[in-house]
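J.: Numbering (this note's numbering), first residue to last: 5 to 235.
1) May I have a chain-ordered list of the beta strand (DSSP E) segments no shorter than 3 residues that lie completely inside the segment 205-231?
2) For the segment 103-115 against the segment 186-193, are there 3 or more C-beta pairs whose distance is under 8 Å?
3) Please report the straight-line C-alpha distance between residue 135 and residue 116, rounded to a whole angstrom.
4) For a quick check, are the C-beta atoms of residue 113 and residue 213 less than 7 Å apart?
5) Among 130, 98, 206 and 92, which one has its Cα closest to the Cα of residue 143?
6) Grab me the residues of residue 173's own chain with a C-beta within less than 7 Å of its C-beta, minus the 5 sequence neighbours each way, in chain order.
7) Quick check on the burial criterion: 16 or more other C-beta atoms within 10 angstroms. Buried or exposed for residue 90?
8) Inspect the beta-carbon positions of residue 56 and residue 79 and report whether they are closer than 7 Å.
9) Does the beta-carbon distance from residue 120 to residue 153 come in below 7 Å?
10) Looking at the structure shown, is residue 52 part of a helix, part of a strand, or coil, going by DSSP?
Spelled out as structure tokens, the structure:
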């Protein structure tokens, strides 16, 4: 396999998704230098009391919350998120999920969790994009942790409008009542890890998590790739 990789790298050199430098034979998606200088949040070391977790205090039974790195629009490191969501690179979600899980696992972040639940997207958006980036991220986490991925626990009924240009109130109104509970019997009494790509105001994850809690006696933890920096 290493020989095949070397041959392919000569024919079509792979590039770092952040700095565009050529990747080494043992590097995937991102070079070691960019990984080293990634603006990590280190929230997984204090998963209940951090700026991300505080967004959900009192909203539902939040256990832990962590993002892998601080996200700033148009920052160099944000390129991997844009390529994942809009550039037709679902494999980036899988690799980012693995990277995240390897970092978080050192802090015991996944202990006691029963399943990974990717935030679902509406059918029309799934048809246009061709994949749910959060589902690929969940599969990457599963590969590292051994936790099952459950896509049957919550569904998105509709896609209204993009959240990108909306303020806090508009984001919450835009995702209110857009999710519906699926296999509530299985979810009852479980500790679920809800995963998404970026957390900005938390509106989408809040709406999704509250719907999951409707199954009864559910505990929620949250993991995202990016945590949006507030200006």
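Ideal Cβ placement from N, Cα and C applies to all residues, glycine included.
T.: In this structure, then:
1) none
2) no
3) 29 Å
4) no
5) 98
6) Low confidence applies to residue 173: its pLDDT is 44, below 50, so where it sits in the model is not reliable, and the reading given next is rough at best. Cβ neighbours of residue 173 beyond the five flanking positions: none.
7) exposed
8) no
9) yes
10) coil
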